[in-house]
Amino acid sequence: MDGYKNIWVWIETSSDGAARSVGLELLTPGRKMADTIGHSLIAVIIGSGADAAVKSAMAYGADQVILLDDECFAHYNTEIFTDALQELVEKYKPDTVLFGATANGRDLAPRIASRVHTGLTADCTELSIDAETGNVQWTRPAFGGNLMAVIECPNTRPQMGSVRPGVFKKGLRDDSRTVEVINETVKPPAESRAKIVEFIADAAENMVNLEEAEIIVSGGRGLGKPENFELVKALADALGGVVGSSRAAVDEGWIPHAHQVGQTGKTVGPKVYVACGISGAIQHLAGMSESDTIIAINKDPDASIFGVADYAIVGDLLEVLPALTAEVKRLKADKA
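First residue of the sequence shown: 1426, per this note's numbering; consecutive thereafter.
Rendered as structure tokens:
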């Protein structure tokens, strides 16, 4: 496996050329792994008009940026992106490649792994690397989240894995950093069998952005009925946050899946997470336990959620939520 070197992070971009948050988050564990084995941390950006993404990758710690900037990469296309990234991987031979487990990342990562005949560990929650062997320890939930599996890929390179948005925190941004940018070109893409016919912007705009929210107020089955999510929304609005939910509430049909936090939903790491009527099943904890501050409200004093909570309120949600909302509004009015 000689000749393979450096830790790569694929920085996914939006249509306006900005970096999506998950790629910048992955620069944090990438930095630690690169330092452990004495390699460089490389941000790989494929997009169009991606200057903003390049600056962000520099600011969040990349040692170097490999950039493919062309109009054909303005919007994600399975075949075009796979061909391009495969060509870069085969040229530079990275030791490890990290992907965000977004819709596009889940599509691209296994295709690249298959093309270069290596393994891929999906939906990781923890990353580390052995300083002697250079093998990455990819930790991910297994058997319905009831245990954590540690997976290695010792016999092939590059090592590849994907990580959900929100699992890691972005580092401190330093806009004074400047690093080398390698402007790459690849062979012209072949005619793609998939074509973008239309973008429906409203569908994306109306989706809740849990991964990047700083404050999330989530409701569970303990709310009793779907109408009581209005109490959750009222508190979220007062705090300037967004509404999340447990899987149980989604399964009941009380709220769309886009709001679900947990192993089968979104992994989040906000500054404040308020869990309302959520028991604390391991699948839910896997999606929110990295939050900076966790506030749990439940009438059951033995609820598992209290085991990870920084602040616990034992009481009736129908009384506690309106009282909290009123107090938040009062404090805001006093400051105004």
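Beta carbons: idealized from backbone N, C-alpha and C, even for Gly.
- Just tell me which of Y1517, T1581, A1499 and F1498 has its CA closest to the CA of A1398. Because the chain in this structure spans residues 1426 to 1761, residue 1398 falls outside the shown range and cannot be described.
- Message: Taking 8 Å as the cut-off, does the stretch 1602-1615 touch the stretch 1649-1658 (at least 3 CB pairs, one atom from each stretch)?
- Response: No: fewer than three Cβ pairs fall under 8 Å.
- Verify whether the separation of the beta carbon atoms of F1524 and W1435 is less than 9 Å. yes
- With respect to the beta strand (DSSP E) encompassing S1553, which residues constitute its N-terminal and C-terminal limits? E1551 to I1554
- Query: What distance in whole Å lies between the Cβ atoms of L1545 and L1510, which are believed to be in contact at a cut-off of 8 Å?
  - Reply: Their Cβ separation, rounded to whole angstroms, is 13 Å, which puts L1510 and L1545 out of contact at 8 Å.
- With 16 other Cβ atoms within 10 Å as the buried cut-off, status of N1431: buried
- Message: For V1733 and I1722, which I take to be in contact (beta-carbon distance under 8 Å), what is that distance rounded to the nearest angstrom?
- Response: That pair is no contact at about 14 Å.
- Query: In the structure shown, what three-state DSSP assignment does A1629 receive?
  - Reply: Confidence in A1629 is poor, its pLDDT being 45 and thus under 50, which makes the residue's placement too unreliable to answer from.
- Message: Can you look up V1753 in the DSSP assignment and give me helix, strand or coil?
- Response: helix
- To the nearest angstrom, report how far apart F1568 and L1756 are at their CA atoms. 45 Å
- Message: Between which two residues does the beta strand (DSSP E) holding G1694 run?
- Response: It is not in any beta strand (DSSP E) - G1694 carries neither H nor E in the DSSP assignment.
- Query: Name the DSSP bridge partner or partners of D1494?
  - Reply: Checking the DSSP bridge columns, you'll see D1494 partnered with G1472.
- Query: To the nearest whole angstrom, what separates the beta carbons of P1614 and Q1688, a pair I think is in contact under 8 Å?
  - Reply: Not confirmed; about 36 Å, so no contact.
- Message: If I follow the unbroken beta strand (DSSP E) through N1723, where does it start and stop?
- Response: T1718 to N1723
- Where T1543 sits in the DSSP three-state scheme: coil
- Message: Alpha carbons only, please: which of C1701, L1466 and G1591 is nearest the one belonging to D1520?
- Response: D1520 has its Cα closest to that of L1466, out of C1701, L1466 and G1591.
- Query: Where does the unbroken beta strand (DSSP E) through F1524 begin, and where does it stop?
  - Reply: T1521 to G1525
- Message: How far does the beta strand (DSSP E) with R1565 in it extend, from its first residue to its last?
- Response: V1561 to A1567
- Alpha carbon to alpha carbon, what distance is there between P1590 and K1612? A direct Cα-to-Cα measurement between K1612 and P1590 gives close to 31 Å.
- Express the C-alpha separation of E1515 and T1507 in angstroms, rounding to a whole number. 12 Å
- Task: Return the bridge partner residues of Q1572 from the DSSP annotation.
- Result: Correcting the residue identity first, residue 1572 is Leu in this sequence and not Gln. Looking at the DSSP assignment, L1572 forms a beta bridge with A1567.
- Query: Buried or exposed: M1426, going by 16 or more other Cβ atoms within 10 Å of its Cβ?
  - Reply: Flag for M1426 reads exposed.
- Task: Could you pull out every residue in the same chain whose Cβ sits closer than 6 Å to the Cβ of W1433, ignoring the five residues on either side in sequence?
- Result: I1467, V1469, P1519 and V1522
- Query: Just curious, the alpha helix (DSSP H) that V1657 is in, first and last residue?
  - Reply: It spans F1654 to L1664 - the alpha helix (DSSP H) in which V1657 sits, taken as one unbroken run.
- Query: From G1678, S1716 and S1704, pick the residue whose C-alpha is nearest to that of K1696; which is it?
  - Reply: S1716
- Helix or strand or just coil, what does DSSP make of D1441? coil
- Task: Look at V1479 and L1493 and say whether their C-beta atoms are less than 9 Å apart.
- Result: no
- Task: Could you check what DSSP says for M1426 in three-state terms: helix, strand or coil?
- Result: coil
- Query: Between S1481, L1710, H1682 and G1702, which lies nearest to G1694 when the distance is taken from Cα to Cα?
  - Reply: Nearest to G1694 by alpha-carbon distance, out of S1481, L1710, H1682 and G1702, is L1710.
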